[in-house]
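Everything in the sequence shown is counted per the working numbering, starting at -11 for the first residue and increasing by one.
Below: one structure, written as structure tokens.
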Amino acid sequence: MRLVFLVVQIQMRLYANLAEAVLIVHLLWCAWIIFGWMLTRGRRILAWLHIGSLIYAIFIELTPWPPCPLTIAENWLEMRAGLQPQTGPFLLHLLDAILYPNLPEWPVVGSAVAICLIILAVYLRRFVRVNKMKRGSVSAQNSPPYTRGVQRPLH
-11 MRLVFLVVQI
-1 QMRLYANLAE
9 AVLIVHLLWC
19 AWIIFGWMLT
29 RGRRILAWLH
39 IGSLIYAIFI
49 ELTPWPPCPL
59 TIAENWLEMR
69 AGLQPQTGPF
79 LLHLLDAILY
89 PNLPEWPVVG
99 SAVAICLIIL
109 AVYLRRFVRV
119 NKMKRGSVSA
129 QNSPPYTRGV
139 QRPLH
């Protein structure tokens, strides 16, 4: 009987540790969403991955279904560990625990979506700047060699 109890305790602790690991992955995901734009300058593939992540984050925040897979995994592991799983968005519980107790859901979701949209605007600005620079260099390359760098008099 004692052995069974010990095995159950070890199993519950394992599930609790796995739930904490998923929580850490969830926090890393949020950090990637918020700060990933700083890592993507000059890295085209990474930038596209971050843009896809931003669009996915907006979709997950605005739609009730499907819920975030990390939240599902964390809740399942917490249930298996004998803990009370959270209900509602991850960010709401995070901010509720750290900063603002009893914060309504709409400002958290609205802020998260606004941050994602601002970061997408940063990418749009980068895209416009790069294309403007490319067009300027292409037009200079297409001009005859004898006119490059020569300023024409204004009439």
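Don't be surprised by glycine CBs; every beta carbon is placed ideally from N, CA and C.
Distance, Thr28 Cα to Val13 Cα: 20 Å
Proximity of Val96 and Leu58 at Cβ, strictly below 8 Å: no
Beta carbon of Ala69 nearer than 8 Å to that of Ala4: yes
Whole-Å CB distance - Leu50 paired with Val101, under 8 Å assumed: 6 Å
Short Cβ contact (8 Å threshold) for Val118 with Trp25: no
Whole-Å CB distance - Leu6 paired with Leu65, under 8 Å assumed: 5 Å
First and last residue of the uninterrupted alpha helix (DSSP H) at Asn5: -10 to 23
Distance between Met(-11) and Gly98 (C-alpha atoms, nearest Å): 52 Å
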